[in-house]
Amino acid sequence: MRKILLFCLSFFIINAFANDEKVVNVYNWSDYLPDEVLQQFEKETGIHVNYSTYDNNETMYAKLKANPDVGYDIVVPSTYFIDRMRREKMLQPIDKKRLVGLSNMNPALMNKSYDPGNNYSIPYLVGSTGILYNDLFYPIGSINAWKDLWQEKYHDRLLLLDDVREIFSMALLVLGYSPDTTNPEQIKAAYQKLQALLPNVKLFNDEAVKAIYIDEDATIGMVWSGDAFGAQQENPHLHFVFPKEGYVLSQDSMAIPANAPHLANAYRFINFILRPEIAAKIAAGTGYSTPNAAAMKYLPEAMRNSEIMYPNAKILARAHFQMDVGDAADDYEKYLEQLKLSA
Amino acid sequence: MVKKGHKFCFKNISVTLIWCWLGFFALIPTFLMLMTSLVQQGDTELIRLQLTFANYFTLFNSIYLKIFAHSLLVAFEVTIICLILGYPFAYILAKLPESLKNLALLFVIIPFWTSSLIRTYAIVVILKTKGLLNTFLLWLGLIHTPLQLLYTNTAATIGLVYSLLPFMILPLYANIEKLDSRFVDAARDLGANSWQVFWKILVPLTLPGIIAGSMLVLLPAMSLFYISNILGGAKTMLIGNLIENQFLAARNWPLGATVSVVLTLFMALMFLTYVKVRSKNTADMGDLL
């Protein structure tokens, strides 16, 4: 019995000394950090990285909510989850005096309403949601707005991203409403608009989008810019469109959970990522755009000149940063369930 | 004496171990699920500890009933196809010579050695626009434009039937193999035609196998959501999707737990029916003998 007790106690003791460990626990999106970068960090600093991944914000949020002492030092939520988590005191303010290279960031992507002054979050990667189509099936230039997808000729053709906020943002933008609306009437109107789109939907997907467009299992639909750029490299018939009505710019940012056990190492990790050549390696490895302006010159030329990755200021003006919708999230979810039932 | 004591010790330890295992990994999680289904959803916390039955009433909302009915319908369809394909297969299997029989059984079981998720992705490779099936048919010249099979309800049904067919074949096989062939001979002697032999002799005698197989197919078919997601294009909502959505996307743990509890109760009810039917059936057999 005494042995068992000692064994159990040893766990607590290990936890108590955890602060002095040369370890940092990073919880990031899957396929979002090249191995090479991780190895370089470990080699330079001698700090071991415990790296684990998630596929959507909800999973990461649920894990931290269920157990705030779960032990992550760095998480990478999207804009609207930064907004929600900072208001629920799940994140700790970032001491900017301890950061090096913050001035390298693109000012157009800083100080947004989801986190004024970037007190809780440092942008990590950026992507846009737009339309992708294949010119073997549809003439070049025939599609330039979200509302075009509602045309009858696209019957059973569309790929929609399997993400409730992305789908509703598209319908809300077509109707001329804000993608962050909490007004039940507007959400309902978007749901009805989407019902009209259903006959055109071939599939909902969020994990194999790139391969589906490359192999022409879908020839038109929604896409994230990172997937669009990657797919275009393999299938030159694909074309990306920034829709006329506006589009959602998803920005994922590094943040430190309120109970992070290895605070000093978390700052070292953020500072490492802020270095321009490292930020460029991450952008090149993942196919998404870097918010680090100084990193541009280290990028491969095809990427640096890509309109998909780095749209001009005129297009960027149509971009929309997603905000938390609070309790209205339940309404969105219920309407999506209804939508899929009527499919 | 010493030996007996050892035996006693071994028995106690193994029984305790099994009970602890069941307690930790079956009983406690089920109990937690039940507790979660009886509390309220919190605003900033995951749950608020306040007793309520509201979650169970919410389930009578037409949308959830529709999801349940739809899942049941899909599951019935899959079960019937599995039965139609599996029954003759199991019959032939049971009548094979001994050496061939073991080999054939091995072939039925081999797919279980690979994860069902990987096998589902393998079906994607076969069915996709530039996949094996379309390439083959185009090469034969049977079609001129690729068939659009992937991301349809047909593809989802193919995937479910493929994954669940062994669960239908194995109980049927066990039942048919034990069947005394003299019943069939006797029926023929008494002038029954093939249809009568099948309907009046084989079906009643293999009913326990049919019911066991159907249950093993029906219940997973209601909740194997990833197959309809991967092959059907995620256009339909099954019970499995509903539970996943409530826990992760909607962050409504109490409602997700409630759906789980109701599904468990439904399964238990089906199982009890099965046990009842089986005991009645064995009683009939007893009368007969």
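Protein sequences, first through last, are from chains A and B. Residue numbers for the first sequence follow the numbering used here, so the first one is 540 and each next one is one higher. Residue numbers for the second sequence follow the numbering used here, so the first one is 25 and each next one is one higher. All C-beta atoms in this analysis are idealised placements derived from N, C-alpha and C, irrespective of residue type, glycine included.
Determine whether the Cβ of tyrosine 80/B lies closer than 7 Å to any Cβ atom of chain A.
no
For the stretch 91 to 112 of chain B, which residues have a CB atom closer than 9 Å to at least one CB atom of chain A, in sequence order?
Ile91 and His94
For alanine 258/B, three-class secondary structure by DSSP:
Three-state DSSP puts alanine 258/B in coil, outside helix and strand.
Going by the CB atoms, is the gap between tyrosine 197/B and alanine 118/B shorter than 7 Å?
Against a cut-off of 7 Å, the Cβ pair of tyrosine 197/B and alanine 118/B comes out as a contact.
Give, in chain order, every unbroken run of the alpha helix (DSSP H) that is at least 4 residues long and sits entirely within the stretch 701 to 731 of chain A.
703 to 714
Run through DSSP, which three-state label would phenylalanine 768/A get?
helix
For a contact defined as C-beta to C-beta under 7 Å, what are the partners of methionine 339/B on chain A?
Outside the modelled stretch of chain B, which goes from 25 to 313, sits residue 339/B, for which no answer is possible.
So which residues of chain A does tyrosine 197/B contact, with C-beta pairs closer than 9 Å?
Residues of chain A passing the Cβ test: none, with the nearest at roughly 37 Å.
Same chain, Cβ closer than 7 Å to aspartate 895/A, five either side skipped, listed in chain order:
Residue numbering for chain A in the displayed model covers 540 to 882; residue 895/A lies beyond these limits and cannot be assessed.
Hey, is asparagine 589/A close to the ligand MG, as in C-beta under 6 Å from one of its heavy atoms?
Questions concerning the ligand MG fall outside what the structure shown contains, since it holds no ligand whatsoever.
Assuming the contact rule is C-beta atoms closer than 8 Å, glutamine 877/A and arginine 704/A should be a hit. Round their C-beta distance to whole Å, please.
Actually they do not touch by this definition, with Cβ atoms about 16 Å apart.
Mind reading off the beta-carbon distance from asparagine 564/A to asparagine 589/A? Whole number of angstroms is fine, and I expect it under 8 Å.
5 Å
Any chain B beta carbon closer than 7 Å to aspartate 574/A:
no
Leucine 273/B versus chain A: which residues are under 7 Å apart at the beta carbon?
First, the residue type needs correcting, since residue 273/B is alanine and not leucine in the sequence shown. The contact set of alanine 273/B on chain A, defined by CB atoms closer than 7 Å, consists of Glu597, Val703 and Glu872 in chain order.
Kindly indicate which three-state DSSP category phenylalanine 743/A falls into: helix, strand or coil?
strand
Neighbouring residues, chain B, relative to lysine 602/A (Cβ below 7 Å)
Taking the beta carbon of lysine 602/A as reference, no residue of chain B falls within 7 Å; the closest one sits roughly 10 Å away.
Taking asparagine 658/A as the reference, give the member of Glu597/A, Gly669/A, Leu641/A and Lys692/A with the closest Cα.
Measuring from the Cα of asparagine 658/A, the nearest candidate turns out to be Leu641/A.
Sort out for me which residues DSSP pairs histidine 778/A with in a bridge.
Tyr672/A
Unbroken beta strand (DSSP E) runs of length 3 or more, entirely within the stretch 608 to 647 of chain A: which are they?
Counting only unbroken stretches of 3 or more residues, no beta strand (DSSP E) element lies wholly within the stretch 608 to 647 of chain A.
With 16 other Cβ atoms within 10 Å as the buried cut-off, status of arginine 206/B
By the Cβ-count criterion, arginine 206/B is exposed, with fewer than 16 other Cβ atoms from all chains shown falling within 10 Å of its own Cβ.
Assuming leucine 697/A and asparagine 744/A form a contact by the criterion Cβ under 8 Å, report the distance between their Cβ atoms to the nearest whole angstrom.
Rounded, the Cβ-Cβ distance is 11 Å, inconsistent with contact.
Would you mind sorting alanine 841/A into buried or exposed? The rule is 16 or more other CB atoms within 10 Å of its CB.
Counting the other Cβ atoms within 10 Å of the Cβ of alanine 841/A gives fewer than 16, which makes it exposed.
Straight-line CA distance for leucine 58/B to valine 286/B?
10 Å
Who are the neighbours of alanine 605/A on chain B, taking C-beta pairs under 7 Å?
Here the neighbours are Leu70.
Taking Cβ positions only, does glycine 237/B come closer than 7 Å to chain A?
no
Who does phenylalanine 860/A pair with in a DSSP beta bridge?
Leu788/A
The beta strand (DSSP E) spanning serine 591/A covers which residue range?
587 to 593
In terms of residues, what are the limits of the beta strand (DSSP E) holding valine 362/B?
With chain B covering only 25 through 313, there is no way to say anything about residue 362/B.
Counting pairs of Cβ atoms below 8 Å between the stretch 49 to 68 of chain B and the stretch 280 to 297 of chain B, do you hit three or more?
yes
Listing by chain order, which chain A residues have their CB less than 8 Å from the CB of threonine 153/B?
Asp754, Glu755 and Asp756
Whole-number beta carbon distance between glycine 256/B and asparagine 355/B, since they are thought to touch under 8 Å
Here chain B has residues from 25 to 313 only, and residue 355/B is not among them.
Which stretch, first to last residue, makes up the alpha helix (DSSP H) that contains isoleucine 817/A?
815 to 825
Out of Arg814/A, Ile613/A, Val639/A and Ile679/A, which has the shortest C-alpha to C-alpha gap to phenylalanine 779/A?
Comparing Cα positions, the closest option is Ile679/A.
Contact check, proline 850/A vs phenylalanine 768/A under 8 Å by CB: the rounded distance?
In fact, because the Cβ distance is near 12 Å, the residues do not count as touching under 8 Å.
Could you list which residues in chain A have their beta carbon closer than 7 Å to that of leucine 174/B, in chain order?
Under the 7 Å cutoff, chain A gives Asp756.
Beta-ladder partner(s) of asparagine 79/B, from DSSP
Bridge partners of asparagine 79/B according to DSSP: none are assigned.
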